[in-house]
Each structure stands twice: as C-alpha cells, then as structure tokens.
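The next block holds one structure in the form of structure tokens; read it before the comments.
Numbering (my numbering), first residue to last: 2 to 134.
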C-alpha cells in the first residue's frame, strides 16, 4: 500500500496506469478514477469527513470480478485529503464495481453528488453508502 504524496488527478492516474502495471496498483479505467477523484474532492471541499473506496470494474474484466484488483482509497478529515493505492489479491473483497463511502458522522452524509444518487448499503450502519459504476 502506498500513500500518494500528491493528490492531484494526474499523480493518481499515473499510479494505476496500464503502462505502469509493475507499480503498486494496476489497470483502472481512467473514467472511473476521475469520477472517484472528483467526488472525493467535492466532499472534501464541503468539509466532509469520510473514507471512500473505489472498487474498479477494470476495463475488459467486468465479466471476471473474481480476479486481483487495484483498490483506491481516499481518506478525508477537515484538514487533509489523502489517497492510497494497493493491489488486492483476495478476490472475495470485491463483488461489483462501485464507490463505497463511509461518512464519519450523520452531519457528513451526502446522498447525491453531481446528480448521482448514493444508496445506503447497510441499515445497521447509518453512515455507509454505495454508488454503482
């Protein structure tokens, strides 16, 4: 797992690019990563505290969700937004592609971003939301 020093979209894209599959991550669709980055930036600019995870569909592999994948995680507090990229070998972690957002408190919860509806994942955990890709 690597904590990215810069949290620009270009540094995030470089960490998971197809050309650099020997790096920590691996192939992730640029569109999915850009949407994830944009959502995280928007939440952070609105002073929301959360942890978000991108479970990518990985171009050409949507039919094979039982394969190792690249997990991109964003953590945001009022003071800082950071991204981490790691390769997950355990295929049971990912069932479908999407973005999971765990808000830290009820005051942080947002149920719509850029016209996309986030749905509550677990009624027992009031702060856990999901966006299908």
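Even for Gly, the Cβ is constructed at its ideal location relative to N, Cα and C. Small disclaimer: the values here were computed from a predicted structure and weren't measured.
- The criterion of a C-beta distance shorter than 8 Å is satisfied by residue 73 and residue 17.
- Counting every other CB atom within 10 Å of its CB across the protein chains shown gives residue 75 a total of 16 or more, marking it as buried.
- A Cβ-Cβ contact shorter than 8 Å links residue 77 with residue 51.
- In the DSSP assignment, residue 121 forms a beta bridge with 130.
- Residue pairing from DSSP places residue 87 in a beta bridge opposite 72.
- Residue 129 is positioned such that its CB atom lies closer than 8 Å to that of residue 122.
- The Cβ-Cβ distance between residue 132 and residue 100 falls below 8 Å.
- Straight-line measurement puts the Cα of residue 127 at about 34 Å from the Cα of residue 15.
- Our two residues, residue 106 and residue 125, have alpha carbons roughly 14 Å apart in a direct line.
- When the alpha-carbon of residue 9 is set against those of 38, 33 and 91, the nearest one is in 38.
- It is roughly 13 Å from the alpha-carbon of residue 116 to the alpha-carbon of residue 43.
- Secondary structure at residue 100: strand, using DSSP grouped into helix, strand and coil.
- Approximately 6 Å separates the beta-carbon atoms of residue 33 and residue 134; this is inside 8 Å, confirming the contact.
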